[in-house]
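Remarks on the structure that follows.
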Amino acid sequence: MPKTEKKGSSPEEKKRSLPVLYDCSKCPAYCCTYDWILVTRRDIERLAKRFSLSYEATEKKYTKYIKAYGKNVLRHRKDHIFKSACQFLDPTERRCTIYEHRPGVCREYPTTRRCGYFEFLKWERDQQDDPTFIPFQG
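The numbers in numbering that gives the first Met the number 0 rise by one with no breaks, and the one at position 11 of the sequence shown is 10.
And the structure:
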């Protein structure tokens, strides 16, 4: 008789049940600056509905195709903290302007208990011997 998995026992569900060791509200939206924020067909359809545009118009306006990757990603714009960020990031509030319609990859984030930005920040502060040091400020 095959072994059945109990609800909540898959690796993904176990990972999601672990406590997160950081507070996103204190972050300058580092995850929104990743070069490639992958979007699926479903994500583009969700954005099309949000902006009352056709699929094709939404794809053209809000995404770019990465040939080497074979996928669409969200377009970026200049950012005053990082070089560039997702075009849907509010530059002042540092929050997503399409949160209810955000791509699946953003909905699934974080995928780990620790944030790469906070790990980097901790390392930088140790290197600078300054517990208040904040990189990227001009």
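Glycine residues also receive a C-beta, built at the ideal position from the N, C-alpha and C atoms.
- Approximately 16 Å separates the beta-carbon atoms of Y54 and R74; this is outside 8 Å, ruling out the contact.
- Between C85 and C31 the beta-carbon gap is near 4 Å, inside 8 Å, which marks them as a contact.
- Under the three-pair Cβ rule at 8 Å, the region 91-107 counts as touching the region 38-48.
- The C-alpha of R124 lies about 39 Å from the C-alpha of L46.
- When K63, K25, F87 are compared, the shortest CA-CA separation from E99 is found for F87.
- Inside the region 45-129, DSSP marks whole alpha helix (DSSP H) runs of 4 or more residues at positions 54-61, 103-107, 115-127, from first to last along the chain.
- By the neighbour-count criterion, in which 16 or more other beta carbons inside 10 Å mark a residue as buried, T91 falls on the exposed side.
- Here A28 really is in contact with R93; their C-beta atoms are around 4 Å apart, less than 8 Å.
- Beyond the five residues adjoining it in sequence on each side, P18 comes within less than 8 Å, by CB distance, of R112 in the same chain, given in chain order.
- A straight-line Cα-Cα distance of about 18 Å links E107 and N71.
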